[in-house]
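K.L.:
Below you will find the structure I want to go over with you.
In my numbering, the protein residues as written are -2 to 559.
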């Protein structure tokens, strides 16, 4: 067992890991998987956004970099233009000096993209980390979407509001970890569910309400079969648009769900895989939020990755990724972040369509560069070998960028959401901290006490008002597109701001961690254990041992679901 250099916890490096590391000729990691992810995510600020001036066109732009951050920032259009050249900032390699000091200096002078937009993104200037998005508003980390509002990690979907980690979805509201679902609300871990609400772990169902663990069912209400007419009559109580009546049904459903058994992991159509929230994966071990990926280990938020290890966020059509953050359409990427359509690169940052680059930032369509300086092929390989040898001696090579190189305060980033720290703990660990986060308070023009709880009593004038969040008191507005969505589906206006709503959804998800637990099933007629005897199956699950849910193994779960 190895000891993590940061948290001092033990972690295992397997023979399969060592084969992978030998294939890439990289040293074994010094950090445990959670500390690797924490470090990656400390470089990812999705939703703490500011207005600042683009240093090229001089226009105001929304930016993930605070106005007082000591970096040069261009708007998305200018950063992708021919109006500047990143090679102009190149510097000589000094192998005897600490590499990360030179990388940090380079990152401070090369312009950075205000928001991370890849490919064509239209009408989405108030969203971040997008790829092929149309009309996204406060949507984050989303791929190939249209009309997505207030959501995170929603891919290949359209017309969704307040959703988290959904794939191939349409017309969803407040749904979490769902795939191929349609026109539904408050679903969790559902697949191929349509025109339903408040369902958990239901597959191939329609017209279901308040249900759990159903398969191939229609017209169920709190797990009881109804006629079509009976179900539609009850559905009207949900559709009346009244906030208080709706909240009562939500609480009833959640109490009902708490009594239901749970499958040990949300792993759907996967082979030889462990983790949570995985679909269509093969040989993915200790992975979370992964879709259509293969041969991955210790990785999170995967979409189409192959042969990835210690990787976070991305992987679209990518292969051979190691200890990196957000690489897409790339091959053989190591210790890098925000890599698009690159190959054979190490320690690159915000580079696209590059090959054979080392320690570069902001490059486009370049090859054989080190620290943004152009070399011939022969010179590149000679200088790289000399630099890597020196980095190995200092213990630098193979490590991700140090926490001190993050352009963000820890509390601005995803790391703080998944691994919350106090300011003192963050600074002690080497991260930065932002004392003043963006947000307006005390500027509300209307009180929620003066607004009808029924959406049917609301007209477009509500979009001109400013409200205070009932939880954190931050000011926010209702935009016209979301109002139309709410009225179409009789959804009451949200009385909490987007961030508080997202926080509540995140709270309902399991962590990026696995524990060994035993199936608690004692039911009769199961082939894998006798009646009254607890099933002996041991599994790895993201449900911690101190939780009260009744966890079943795969075989026992499928023996009892309706």
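All residues carry an ideal CB built from backbone N, CA and C; glycine is no exception.
How many angstroms separate the CA atom of residue 259 from the CA atom of residue 351?
P.N.:
Whole-angstrom Cα-Cα distance: 46 Å.
K.L.:
Got a sec: is the Cβ-Cβ distance from residue 500 to anything in chain D below 9 Å?
P.N.:
This model lacks chain D altogether, as it is built from one protein chain only.
K.L.:
Output needed for residue 209: all residues of its chain with C-beta closer than 8 Å, excluding positions within five of it in sequence on either side, in chain order.
P.N.:
Closer than 8 Å at the Cβ level, and outside the excluded window around residue 209, lie 196, 197, 198, 199, 220, 253, 254, 257.
K.L.:
Classify residue 137 as helix, strand or coil using the three-state DSSP reduction.
P.N.:
Correct three-state label for residue 137: strand.
K.L.:
Name the one or two DSSP bridge partners that residue 155 has.
P.N.:
Paired residues: 143, 167.
K.L.:
Using 8 Å for Cβ pairs, my map puts residue 201 next to residue 212. What's the rounded Cβ distance?
P.N.:
At roughly 6 Å, the Cβ-Cβ gap stays under 8 Å, so residue 201 and residue 212 are in contact.
K.L.:
State the Cα-Cα distance for the pair residue 442 and residue 461, rounded to the nearest angstrom.
P.N.:
Approximately 9 Å, taken between the alpha carbons.
K.L.:
Using only the alpha-carbon positions, how far apart do residue 61 and residue 194 sit?
P.N.:
Roughly 35 Å separates the two Cα atoms.
K.L.:
Figure out for me which residue from 475, 137, 356 has the closest Cα to the Cα of residue 499.
P.N.:
Residue 137 is the option with its Cα nearest to residue 499.
K.L.:
My assumption, with CB atoms under 8 Å, is that residue 165 sits in contact with residue 177. Please give the rounded CB distance.
P.N.:
At roughly 5 Å, the Cβ-Cβ gap stays under 8 Å, so residue 165 and residue 177 are in contact.
K.L.:
Leaving out five residues on either side along the sequence, give the residues of the same chain with a beta carbon under 6 Å from the beta carbon of residue 296.
P.N.:
284, 305, 308, listed in sequence order.
K.L.:
So for residue 67, helix, strand or coil by DSSP?
P.N.:
Coil, per DSSP.
K.L.:
Would the segment 358 to 370 count as touching the segment 78 to 94 if we require 3 or more Cβ pairs under 8 Å?
P.N.:
At 8 Å Cβ cutoff, the stretches touch.
K.L.:
Pick out whichever of 5, 114, 261, 33 has its Cα sitting closest to the Cα of residue 512.
P.N.:
Here the closest residue by C-alpha is 261.
K.L.:
Using three-state DSSP, classify residue 413 as helix, strand or coil.
P.N.:
Three-state result, residue 413: helix.
K.L.:
Counting pairs of Cβ atoms below 8 Å between the segment 391 to 400 and the segment 415 to 433, do you hit three or more?
P.N.:
The answer is yes - the segment 415 to 433 touches the segment 391 to 400, with three or more Cβ pairs under 8 Å.
K.L.:
Looking at the structure shown, is residue 483 part of a helix, part of a strand, or coil, going by DSSP?
P.N.:
Three-state DSSP puts residue 483 in a helix.
K.L.:
Just the C-alpha distance for residue 273 and residue 150, rounded to the nearest angstrom, thanks.
P.N.:
Spanning the two alpha carbons is a distance of roughly 15 Å.
K.L.:
Are residue 238 and residue 488 touching if we call contact CB-CB under 9 Å?
P.N.:
Contact: yes.
K.L.:
Take the Cβ of residue 481 as the centre, count every other Cβ of all protein chains shown within 10 Å, and call the residue buried at 16 or more, exposed below.
P.N.:
So residue 481 ends up on the exposed side.
K.L.:
On the three-state DSSP scale, how would you describe residue 353?
P.N.:
If DSSP states are grouped into helix, strand and coil, residue 353 belongs with the strands.
K.L.:
If you compare alpha carbons, which of 45, 7, 287, -1 is closest to residue 495?
P.N.:
Considering only alpha carbons, the answer is 45.
K.L.:
Is the CB-CB distance between residue 19 and residue 70 below 9 Å?
P.N.:
Contact flag unset, no.
K.L.:
Let me check understanding here. Comparing Cα to Cα, which of -1, 36, 11 lies closest to residue 321?
P.N.:
Residue 321 has its Cα closest to that of 36, out of -1, 36, 11.
K.L.:
Between residue 188 and residue 153, what straight-line distance do the alpha-carbon atoms span, to the nearest angstrom?
P.N.:
Those two C-alpha atoms are separated by around 15 Å.
K.L.:
Nearest CA to the CA of residue 451: which residue from 236, 216, 125?
P.N.:
Comparing Cα positions, the closest option is 236.
K.L.:
Run through DSSP, which three-state label would residue 183 get?
P.N.:
In this structure, residue 183 counts as coil in the three-state DSSP scheme.
K.L.:
Can you tell me the Cα-Cα spacing of residue 510 and residue 323, whole angstroms?
P.N.:
Looking at the two C-alpha atoms, the distance is approximately 20 Å.
K.L.:
May I ask which residues mark the beginning and end of the beta strand (DSSP E) holding residue 190?
P.N.:
Here the beta strand (DSSP E) through residue 190 covers 188 to 191.
K.L.:
Alpha carbon to alpha carbon, how far is residue 288 from residue 139? Give it in angstroms, no decimals.
P.N.:
The alpha-carbon atoms of residue 139 and residue 288 are separated by roughly 13 Å.
K.L.:
Closest by CA to residue 10, which one among 4, 29, 3, 2?
P.N.:
Out of 4, 29, 3, 2, 29 has the C-alpha closest to the C-alpha of residue 10.
K.L.:
Pull up the CB-CB distance for residue 497 and residue 523, whole angstroms please, since I reckon it's below 8 Å.
P.N.:
Going by Cβ atoms, the distance from residue 497 to residue 523 rounds to 43 Å, so no, they are not a contact pair.
K.L.:
Relative to the C-alpha of residue 162, which candidate in 547, 506, 520, 232 has its C-alpha closest?
P.N.:
Of 547, 506, 520, 232, the residue nearest in Cα terms is 506.
K.L.:
For the beta strand (DSSP E) containing residue 560, name the first residue and the last one.
P.N.:
With the chain running from -2 to 559 in the structure shown, residue 560 is simply not present.
K.L.:
Can you look up residue 291 in the DSSP assignment and give me helix, strand or coil?
P.N.:
Strand at residue 291.
K.L.:
Nearest to residue 95 by alpha carbon, out of 339, 384, 31, 133?
P.N.:
Of the candidates 339, 384, 31, 133, the one whose C-alpha sits nearest the C-alpha of residue 95 is 384.
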